[in-house]
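Each residue of the sequence shown is one higher than the last, beginning at 50 in my numbering.
First comes the structure, then the notes that go with it.
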Amino acid sequence: MEILDSSIFDLSPIPMWLEDYSDVKKQLENWKAQGVENLKAYLEEDITRVTQCAHQIKILKVNHKTLELFEAQSLKHLTQNLNAIFQQEMFESHILELVQLWDGQTEFNSTATNYTLSGKRLDIKLRAVILPGYEDSWERVLLTTEDISDYLNASRLEQKNRQLAEARFNYSPTSLWVEDFSRVKYRMDHLKKIGIDDFGTFLDVHQDFVHQCVEDIILLDVNQATLDLFKAPDKDTLFKSLDKIFTKDMHVTFKEQLIELWNGNIHHSREAINYALDGSIRNVLLQFTVFPGYEDDWSMVQLALTDITARKKAESYLEYLGKHDVLTKLYNRSFFTEELHRLERGIVRPVSAIFIDMNGIKEINDNFGHDAGDDVLRRMGNILNRTVHNTNFTASRIGGDEFVVLMQGATPTTVQSTLMTIQELMNIDNQYYSTHQLSISMGYASTFENESIDEMLKRADQAMYQQKNDFYAYMREQAKADNAELRRNRAI
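Written out as structure tokens, the structure is:
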């Protein structure tokens, strides 16, 4: 007691309280006599029991730091305003203190919320000890109340920021992957130590190195958008099915990533192709970054995968439209012109062409409408597509009812076989569409030695027009014969 009366207590840099817990001890003993076994449950059942105990504590003395912390002018000023200092939030921590005493401990501690007399919130670390010689009566308990508000505020802010970061990760609409690339870095650093300079050539020679690096990657976490993108019901399923998502086709892209990392580009992006667990293709824009603070070991990297499947489909369709005729699904005149330039620059000869012009398309349009005419054109497109299928030949619609098949390196036998295929497919088609029979005129030619492709095309075109003229001449003669027969029948 002499020590507590000395200047050490008053000059302590930590707020200190000297209190009398003897009435609290009597209350606890009374409850034990009544058969209370679980004090915590008993107090939580009726919070007024906690208040009852708190009011039985007698404050004997406080030091200057205590008055300063709680903004009190004196011990009397402090004790008269205890209700402002110890509010409802204090009771939960007080329960823990009472339980520690109930269990026979002579020391206890807790974290509590107090308030200054001006209403400022304080986070308090409370430590208490029953002074030696008073273990039986609890008449002297020394308490310290350390202000840990700054620490807890910092902790709460850190937790809030962590929760915000986790929310941004988990609820990001972009597929996010967190991975450990430290083993990959170790492998690459080893190659640099042994003198490997041309990493690209090294990968070409040692293709197994790419596979080894893939195996070295440790997947740490993915977000919900990743599960949605790859049709995975949960993370465990995704982690066990990575071989279905990243097939061997992905190794080409990963090889390019390794070269980027070798060159020091720890932030890079590129397009890649992955697969969902249902087998559907996922075109993605892959953005790779090493997290700040992990540049030395790459143990924490993030991959962001943006789904560009719809965009790639749109680009492919636009590219398709740029080279194809929508109605017949054949190549269009623009592609035909480019192909001629390519063939002219090439050295493979001969180059052959089949010019095709449909007979009677105008009459079908005039008599049955353009829908019927379009249907005939679609049928012709289907025949030519089937003709050039699985070959390096091309079929193009170069005009309303004009088509050209280009054949690079085709022998005369191949050309004749192609002509026969077109005719046979057309005959089969006409069996199913007897109302509007397909009729075509064809002309073909192959380049002579030192002849330009343009000159060869003119010969093929002329041969087609000659056949067309012969067709219409025959039709006119047939019409005359039909009319003469009709007049004779009428005369009879």
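Backbone N, C-alpha and C fix where the C-beta goes; we use that ideal spot for every residue, glycine too.
Quick caveat, the model's predicted, so the values are computed rather than measured.
Residue span of the alpha helix (DSSP H) that contains residue i, given as start and end
i: V73; result: 71 to 82
i: E215; result: 198 to 219
i: L147; result: 139 to 151
i: Y235; result: 231 to 242
i: S445; result: Careful: S445 lies outside any alpha helix (DSSP H), inside the beta strand (DSSP E) at 443 to 446.
i: D247; result: Segment: none, D247 is in no alpha helix (DSSP H) and carries neither H nor E.
i: A426; result: For clarity, residue 426 is Leu in the given sequence; the question names Ala instead. First-last of the alpha helix (DSSP H) with L426: 419 to 437.
i: D285; result: 284 to 288
i: K293; result: 291 to 294
i: T460; result: Premise fails: T460 is in no alpha helix (DSSP H) and is neither H nor E.
Pick from the options that is closest to residue i, judged by C-alpha positions
i: T22; options: N79, A82, Q472; result: Because the chain spans 50 through 541 in this model, residue 22 falls outside it and cannot be assessed.
i: S488; options: F230, I477, Q154; result: I477
i: E9; options: E94, V233, Q336, L367; result: Because the chain in this structure spans residues 50 to 541, residue 9 falls outside the shown range and cannot be described.
i: H485; options: K517, T470, N414; result: N414
i: V233; options: A121, Q465, V350, A274; result: V350
i: I410; options: A421, P222, A161, V333; result: A421
i: D257; options: D277, L276, V301, K280; result: V301
i: I197; options: Q137, L252, L171; result: L171
i: E156; options: L192, E188, Q336, Y481; result: L192
i: L240; options: L252, P64, D356; result: L252
i: N518; options: L326, D503, G492; result: G492
i: F442; options: L335, E309, S401, K74; result: S401
i: N332; options: D356, D346, G313, S348; result: D356
i: T275; options: P222, A530, K297, Q76; result: P222
i: L326; options: D531, L291, A353; result: L291
i: D346; options: L389, D238, H438, D285; result: D238
i: W187; options: L426, Q208, S71; result: S71
i: H113; options: L88, S61, Y91; result: S61
Where residue i sits in the DSSP three-state scheme
i: W311; result: helix
i: E51; result: Low per-residue confidence applies at E51: pLDDT is 47, beneath 50, and the placement is therefore not dependable enough to give any value.
i: S159; result: strand
i: K378; result: coil
i: E393; result: helix
i: D557; result: With the chain covering 50 to 541 only, the question about residue 557 has no answer from this structure.
i: N408; result: coil
i: K304; result: helix
i: H113; result: helix
i: M299; result: helix
i: D257; result: helix
i: M65; result: strand
i: Q472; result: helix
i: T484; result: coil
i: S224; result: strand
i: E264; result: helix
i: V85; result: coil
i: K361; result: helix
i: Y164; result: strand
Cβ distance (whole Å) where residue i is taken to contact residue j below 8 Å
i: A103; j: F135; result: 7 Å
i: T128; j: W66; result: Between W66 and T128 the Cβ distance is about 11 Å, and since that is not below 8 Å, they are no contact.
i: F404; j: A509; result: 5 Å
i: L287; j: F279; result: 6 Å
i: R446; j: D374; result: 4 Å
i: L334; j: S318; result: 6 Å
i: V148; j: E68; result: That pair is no contact at about 18 Å.
i: K372; j: G430; result: The pair is not a contact, with the Cβ atoms about 14 Å apart (cut-off 8 Å).
i: D229; j: L269; result: 6 Å
i: S159; j: E146; result: 5 Å
Endpoints, beta strand (DSSP E) assigned at residue i
i: R331; result: 330 to 339
i: M456; result: 451 to 457
i: R176; result: 170 to 179
i: G492; result: 489 to 495
i: H316; result: 316 to 324
i: S123; result: Premise fails: S123 is in no beta strand (DSSP E) and is neither H nor E.
i: I267; result: 267 to 271
Residue-level contact to chain C via CB, residue i, 8 Å cutoff
i: K361; result: Given the protein chain composition of this structure (a single chain), no chain C is represented.
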